[in-house]
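Take a look at the structure set out below.
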Amino acid sequence: MDRPVPTDIAPQAAEALLRSILQTVPDAMIIIDEQGRIEQLSTTAERLFGYSLAEVAGENIGKFMPPPYRERHDAYMRRYLDTGERRIIGIGRVVTGQRKDGTTFPMHLTIGELRTADRHYFTGFIRDLTDQQLTEARLKELQSEVTHMSRFTALGEMASTLAHEINQPLTAISNYLRGCLRLLERIEDPASPMLRDAVGKAADQALRAGDIIRRLREFVARGDSERRIESLPKLIEDAGTLALIGARDSNIAVTFRIDPAIDLVMVDRIQIQQVLVNLIRNAVDALADFNGPRAIDIEARAGTDGMTRVSVADTGGGLAPEIARHLFQPFVTTKQGGMGLGLSICRTIVEAHGGRIWVEARPSGGTIFNFTLRAAGGHEEDARDE
Ligand code: ADP
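Throughout the sequence shown, residue numbering follows my numbering, covering 130 to 515 in sequence.
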């Protein structure tokens, strides 16, 4: 609702009022005239740019921008005054500012316009985005950590499957060779000692190969896990942001429901984030071509058994029946270009942390993936041993 503008403020009082507003307003504010000359700066703007009002009053606002914007600004203003075409006024935009010391920083700029009978002013409201961009940089870093780890784990998972598959024929070879040795011991033939020697050596080599594979499996199972006490809500929040990058435009309603009773867990942060990222990405994939409600609910609840249950539920089409029984096994996929390793990696990680992972159909349609983690506090010793 419009309120009547007070008209009974004396010019000096108005000046004092403006000065006091500019001194206290937490935002950086700059007022310029239609020539682009600096008229006023809020105290926050003085601090942000490193100039005092006295230093820059009457100077061109281009001073607060790096080239080439500095040189182009007058032309921008002229074009607006000539054509009335708004490119930034009333819209707001992320631009680059330059401080007195020459350093630049990202800022969000909104411009308001004020006309009096004979003058024309522009007011710029500025929000320093340095912190926000730092958050984004941190997120990128996190993303590359998780991606790196995913590749490593995918490799480990493949090695483990391969080791398992190769170990069986190797054991069979070794058993057959032992059988041959026993038979050869009973045969009296001039060539049999040589044959026995060769077969014995072949059996040794098969054992050696089995040993190498066993060591590889042990190494993979142990991994490079580094467990620390971590805040689970924070971990979920970070992983959620990471997994939903690029999904923001796909019209998916994402909700986080974190039980206030949950807090610390003893985990390898990157590995658990990898589990969450995998599950959330799968949920996003399940909603990609789905016609219907598109929602993902990420929930964490404290259990009575000292375990925290985390679930990722989607409203997608549900599991393909042909893979439902083999889910969590490596190389099970319905996706073109899918590796089918995500869920098996999730299972390896969750089980190595002493938890459990399982899937259920969502009664109203869609899928719910659940996993448990031991809450830290009193149980850390057990968690570390597992
Ligand atoms: P990938 O994503 O490479 O296929 P995963 O192991 O992560 O490997 O998933 C295996 C398969 O499980 C997927 O191809 C898909 O068919 C099924 N799946 C996983 N999550 C969901 C889900 N939320 N909804 C429906 N199907 C899913």
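For glycine and all other residues, C-beta sits at the position ideal for the given N, C-alpha and C.
Bear in mind that the values here come from a model prediction, so they are computed numbers and not experimental data.
| message | In the DSSP assignment, the beta strand (DSSP E) including G226 goes from what residue to what residue? | response | Counting along the chain, the beta strand (DSSP E) containing G226 begins and ends at 222 to 227.
| message | So the candidates are G187, H237, N304, L416; which of them puts its Cα closest to the Cα of L448? | response | L416
| message | Taking the straight line between their C-alpha atoms, what separation do you get for I159 and D257? | response | 14 Å
| field | Cα-Cα separation, A157 to V223 | value | 14 Å
| task | Can you give me the start and stop residues for the beta strand (DSSP E) that Y250 sits inside? | result | 249 to 257
| request: Compare the Cα-Cα distances from S440 to each of I427, G432, F254, N296 and report the closest residue. | output: I427
| Which residue from A338, Q261, E286 puts its Cα closest to that of P298? | A338
| query | Whole alpha helix (DSSP H) runs in the region 156 to 198 with 4 or more residues, listed along the chain? | reply | 172 to 178, 182 to 185
| With burial defined as no fewer than 16 other Cβ atoms inside 10 Å of the residue's Cβ, what is the status of A85: buried or exposed? | This structure cannot settle anything about residue 85, because the visible part of the chain is limited to 130 through 515.
| Do I427 and ligand 1 come close, with the Cβ less than 7 Å from some heavy atom? | no
| said: What does DSSP give as the partner residue(s) for D426 in the beta ladder? | reply: DSSP lists T384, A442 as partners of D426.
| task | Using DSSP bridges, identify the partner residues of A235. | result | First, the amino acid is wrong: residue 235 is Pro here, not Ala. DSSP lists T225 as partners of P235.
| query | Do you know how far the Cα of V154 is from the Cα of Q164? | reply | Rounded to the nearest angstrom, the two C-alpha atoms are 25 Å apart.
| field | Proximity below 8 Å, CB of S303 to CB of A332 | value | yes
| Is P362 closer than 8 Å to I387 when the C-beta atoms are compared? | yes
| task | Evaluate the contact criterion for the region 459 to 468 versus the region 485 to 498: three or more CB pairs, one atom per stretch, below 8 Å. | result | no
| Helix, strand or coil at F436 according to DSSP, with G and I counted as helix | The sequence as given places Met at residue 436; Phe does not occur at that position. Residue state, collapsed to three classes: strand.
| query | Per DSSP, R244 is paired with what? | reply | H249
| said: Is L336 a contact residue of ligand 1, with contact defined as CB to any heavy atom under 7 Å? | reply: no
| field | I401: CB within 7 Å of a non-hydrogen atom of ligand 1 | value | For ligand 1, not one heavy atom lies less than 7 Å from the Cβ of I401.
| message | Pull the bridge partners of F500 from the DSSP assignment, please. | response | V439, I486
| message | Here's the rule I'm using: 16 or more other beta-carbon atoms within 10 Å means buried, otherwise exposed. How should E286 be labelled? | response | So E286 ends up on the buried side.
| Under 8 Å between C-beta atoms of I255 and L243 | no
| Under the criterion of a Cβ to heavy atom distance below 7 Å, does L472 qualify as lining ligand 1? | yes
| field | Where the beta strand (DSSP E) containing I358 begins and where it ends | value | 357 to 360
| Which class does V396 belong to by DSSP, given the choice of helix, strand or coil? | Collapsing the DSSP output to three states places V396 in a strand.
| request: Tell me whether the beta-carbon of M206 lies closer than 8 Å to the beta-carbon of G226. | output: no
| request: Could you pull the start and end residues of the alpha helix (DSSP H) that Q152 belongs to? | output: Secondary structure note for Q152: its alpha helix (DSSP H) is the uninterrupted segment 140 to 153.
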